[in-house]
Every structure is written in C-alpha cells, then in structure tokens.
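Asker: Chains as they are written, first to last, in this note's numbering: chain A, 1 to 153; chain B, 1 to 153. Here a beta-carbon is modelled for each residue, glycine too, at the ideal position from N, C-alpha and C.
Protein chains: 2
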Amino acid sequence: MATYADDLSPGDRFDLGHYGLSEDEIVEYARRWDPVFIHTDPAAAQDTPLGGVVASGLHTLAIYQRLAVQALWSRFTGGIGHSFDIRFRRPVWPGTTLTGHLTVRSVTPRPEREDAAVTLDGELVDDRGEVVLQLINRSVLPLRPEAPAVQNG
Amino acid sequence: MATYADDLSPGDRFDLGHYGLSEDEIVEYARRWDPVFIHTDPAAAQDTPLGGVVASGLHTLAIYQRLAVQALWSRFTGGIGHSFDIRFRRPVWPGTTLTGHLTVRSVTPRPEREDAAVTLDGELVDDRGEVVLQLINRSVLPLRPEAPAVQNG
Numbered sequence: 001m002a003t004y005a006d007d008l009s010p011g012d013r014f015d016l017g018h019y020g021l022s023e024d025e026i027v028e029y030a031r032r033w034d035p036v037f038i039h040t041d042p043a044a045a046q047d048t049p050l051g052g053v054v055a056s057g058l059h060t061l062a063i064y065q066r067l068a069v070q071a072l073w074s075r076f077t078g079g080i081g082h083s084f085d086i087r088f089r090r091p092v093w094p095g096t097t098l099t100g101h102l103t104v105r106s107v108t109p110r111p112e113r114e115d116a117a118v119t120l121d122g123e124l125v126d127d128r129g130e131v132v133l134q135l136i137n138r139s140v141l142p143l144r145p146e147a148p149a150v151q152n153g
Numbered sequence: 001m002a003t004y005a006d007d008l009s010p011g012d013r014f015d016l017g018h019y020g021l022s023e024d025e026i027v028e029y030a031r032r033w034d035p036v037f038i039h040t041d042p043a044a045a046q047d048t049p050l051g052g053v054v055a056s057g058l059h060t061l062a063i064y065q066r067l068a069v070q071a072l073w074s075r076f077t078g079g080i081g082h083s084f085d086i087r088f089r090r091p092v093w094p095g096t097t098l099t100g101h102l103t104v105r106s107v108t109p110r111p112e113r114e115d116a117a118v119t120l121d122g123e124l125v126d127d128r129g130e131v132v133l134q135l136i137n138r139s140v141l142p143l144r145p146e147a148p149a150v151q152n153g
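#1: Roughly how many whole angstroms lie between the Cα atoms of valine 36/A and threonine 119/A?
#2: May I ask you to list, following chain order, the residues of the segment 31–46 of chain B that have a beta carbon less than 9 Å from some beta carbon of chain A?
#3: Using a beta-carbon distance cut-off of less than 7 Å, what residues from the segment 49–61 of chain A approach chain B?
#4: Nearest chain B C-beta to arginine 13/A closer than 9 Å, yes or no?
#5: Please list the partners that arginine 66/A has in chain B, where partner means a Cβ-to-Cβ separation under 9 Å.
#6: 9 Å is my cut-off, CB to CB: does histidine 82/B come that close to chain A?
#7: Can you pull the chain B neighbours of aspartate 126/A, defined as C-beta to C-beta under 8 Å?
#8: Could you check where the alpha helix (DSSP H) with valine 27/A kicks off and where it finishes?
#9: If contacts are defined as beta-carbon pairs under 8 Å, then leucine 98/A and histidine 18/A qualify, I think. What distance do you get, rounded to the angstrom?
#10: Give me, in chain order, the residues of the same chain whose beta-carbon lies closer than 6 Å to that of aspartate 6/B; leave out the 5 immediate sequence neighbours on both sides.
#11: Out of Asp121/B, Asp127/B, Arg110/B, Tyr4/B, state which residue places its alpha-carbon closest to the alpha-carbon of glutamine 65/B.
#12: If you follow the alpha helix (DSSP H) that phenylalanine 37/A is part of, which residue opens it and which one closes it?
#13: With C-beta atoms as the reference, is leucine 58/B less than 9 Å away from tyrosine 29/B?
#14: Output the distance between the C-alpha atoms of arginine 128/B and proline 91/B, rounded to the nearest integer angstrom.
#15: Per DSSP, leucine 102/A is paired with what?
#16: Bridge partners for proline 91/A per DSSP, in chain order?
#17: Nearest chain B C-beta to arginine 87/A closer than 9 Å, yes or no?
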C-alpha cells in the first residue's frame, strides 16, 4: 500500500538498513565523481594521517539515499527533494558497514496543493555507532488523495 | 605548481567547465543510488508533469564535484570537505549541458594548523543559464608551507 505524507509524524524514526563498503567501491565511485588521491590512490593515501583511502563524502551521501529509497521513499507515489544540508563528521575507511537512520522533524500539510513540506534528519553511523554523515533533508511529498464524495442521485 | 589556500581570495570566481547529460546516464546513476521512477523509468515518468525522467539531484551534485575537482581541487595537495548545503532549484532533463561555477566566499587562515577554513558558493546552470543546483561548501585546505629559514653557520 502506498505511503503518503499523512503517514509521517514528527519524531517518527526509520531504520534504513546496512551497506558494506569495500576499497574497490570507494575507488570506483571516486574515480568517476570525486577524483582526489585520498579517495582514489591507496598507495599515496597510505602516507597520510588517514593511513589509506577513505570514502568520498558524496559517496556516503549516495549510500544514504539508496538506503532511504529502499526503506522508505519507494513506498511513496511521488515527491520532490528540495535540499540537503550535509555534514561529513568522520572518515569512512574500507571495510566499514554503514547503518542508516531517518527521523521526521516536521510535516507541514498544504491541502490546497495536495502535498506537505517534510523536513527530516538523516544519518549514517559506522560499525562503532559513530556518526559519519549527518544531514537535514527538505522535500515535498503527496498527501493521501481524498476519497471521492458519494454522489446522491 | 600546487595551489594553496593562500592563493584564494573572497570574490575569486572559477569556471568549472561543462558536462553533457544523457538519459542513459541519468537512469544508470539513479538505478544505483536514487532508484525512484522519476529518475529511472522513462515510460512511467512520461505521464508526470515533468514529461520524462529528470536527473537525481545527487547526480547533479556528483557532476558539480567532478567539475570542481578537475578545474580546481586537483591542483591542491590535500584538503578535507566538511559540509555541503545544497538546493535543487530546477529539474535537469536529458540532453542538458551543465556548466559549473565556483566563487570563494571566505578564507580564514589558521597558521597554527597550517591550514585555512574556506567557504565557497558553487552552482550548476543549464543551457539557458538557469541555476539548477546551488550550494555552499565548507572545507579546510592547506596553507603554503613556509620556506625553511636560512641557517647561518
């Protein structure tokens, strides 16, 4: 059954599941989208305080979004993302399993437009439960269509 | 020659170049990272007010970052991204050529750490010059290493 903005309330929390991150995937994503050596060159990255490659922050954001779509947004019939405010809190090394969470902050129905402005907090934590990615996401999601009025006569 | 935070001043503007976006690439990126039908299913998207698939906002952010690395960040010896505040201003349809710009907002040297906190404004515009992606990026970039003092005797 489709989910609508009506079904979300401030404080609702969703577990988004897990995503295991390999060095190969870190390097592959970064070569295409964020080609700096700390993400793409294991040998050169070894000589830095990080001790090796770490994931591009944009890669961790993409992982968050994939988890959020699979766990929640795929149940909606539509919706438009307006903004992300993103903080990269800690490096993510190869071999990390990331776990996502999402908490609804506010839902502001706009019945005249048949939608609601929704603000939520998202995060990814690493194997030790430390937050690596923190974000605020604002989007517009459809309200449940009203049942058609019963016609008399 | 390597570039350092010393070389950036508020108001400096960099042209980041262009990126042409095909429907195949929009669908490919979204299938992996943002699998909702408005990005992945041209047939279903045709029946929406958008008239077809549009790029995932995260995909446009990845394109911005690729352009920014190629044009600017690859000249730096290091640096750590701390945050992005991102606004998705307009849909991006297949066939669009995106053009990136970056303007330095502030540079705050921290000589005791040999780095500087740098804030900048980034954007992607479409073929008509309309802003589709707007962002504020905060990062820490290395200052130019001081020349070693001349030893007398």
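Answerer: The relevant details are as follows:
#1: 32 Å
#2: Arg32, Trp33, Asp34, Pro35, Val36, Phe37, Ile38
#3: Gly57, Leu58, Leu61
#4: no
#5: Arg32, Trp33, Asp34, Pro35
#6: yes
#7: Neighbours of aspartate 126/A on chain B: none; closest Cβ ~17 Å, over 8 Å.
#8: 23–33
#9: 7 Å
#10: Leu143, Arg144
#11: Asp121/B
#12: 37–40
#13: yes
#14: 13 Å
#15: Phe14/A, Gly122/A
#16: Bridge partners of proline 91/A: none, in fact.
#17: yes
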